[in-house]
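Residue numbering for the sequence shown follows our numbering, starting at 62 and increasing by one per position. By construction, the Cβ of each residue, glycine as well, lies at the ideal position given by its N, Cα and C atoms. A quick note: this is a predicted structure, and the numbers were derived from the prediction, not measured.
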Amino acid sequence: MNLKSIISSTAICTVAIMISIFNVAKASEKVLATVSQDESKSTTYKLIVDSPDGRTIRAFYKDVYENGAKIRRDLLDPAVIMKSGMILEQRDKHVLMRLKSNDFDRDQGGVVIVDTLYNGATGERRSYEVQLAQDNKAGWTLFKSGRGINSIQIQTNRVMVLGAVGIKNLVMK
């Protein structure tokens, strides 16, 4: 073998290793749901679970998109889901949407309550129950009434005179 072919082989191996490392790193992240609002069609976000070994949840992320371009990534700490709740959306002092659970486990998932502010003027809140669990084929998945969901549409609660006051409903598909 000459020096040129050794360098070429080494370069090919290096590129292959780098691609493998990149794919393994990206494979640990999975989009749980794409969340959109009826009020702002240009802004969406993706709720992402990070599980390097495919079993244990290390972190959650909220990737925010504006007109299809990713503008921000927020780290969401899974440890707070059992305490105060993991805040997904907040405006000023009002927590619009948070995830809470009494039985969440990083290895098993659990029942997760999506707590929403229905009416900011009165403080009324509503909750929706989902299950975060491992699916044999798809990995970590959100379930609603036994069916996998990957899309959540936020319907805005509007009141005459005041306008938007909270979240009227979550449509999960």
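| Item | Value |
| --- | --- |
| CB of Gln151 within 8 Å of CB of Gly170, strictly | no |
| Rounded C-alpha distance that separates Gly146 from Leu137 | 10 Å |
| In DSSP terms, what Ile237 is bridged to | This structure leaves residue 237 out entirely; the chain is present only between 62 and 234. |
| Collapsed DSSP secondary structure at Val222 in the structure displayed | coil |
| Reduced DSSP secondary structure (H/G/I, E/B, other) of Ala182 | coil |
| Three or more C-beta pairs below 8 Å linking the segment 93–106 and the segment 172–189 | no |
| Residues near Gln214 by beta carbon distance below 6 Å, same chain, minus five either side | Ser97 and Val232 |
| Counted within 10 angstroms of its Cβ, other Cβ atoms place Ser212 as buried (16 or more) or exposed | exposed |
| Where Ala130 sits in the DSSP three-state scheme | strand |
| Span of the beta strand (DSSP E), counted from its first residue to its last, around Ser97 | Glu90 to Gln98 |
| Contact set for Thr105: own chain, Cβ-Cβ below 7 Å, skip 5 residues either direction | Thr95, Val96, Ser97 and Tyr126 |
| Ile118 versus Asp166 - alpha carbon distance | 9 Å |
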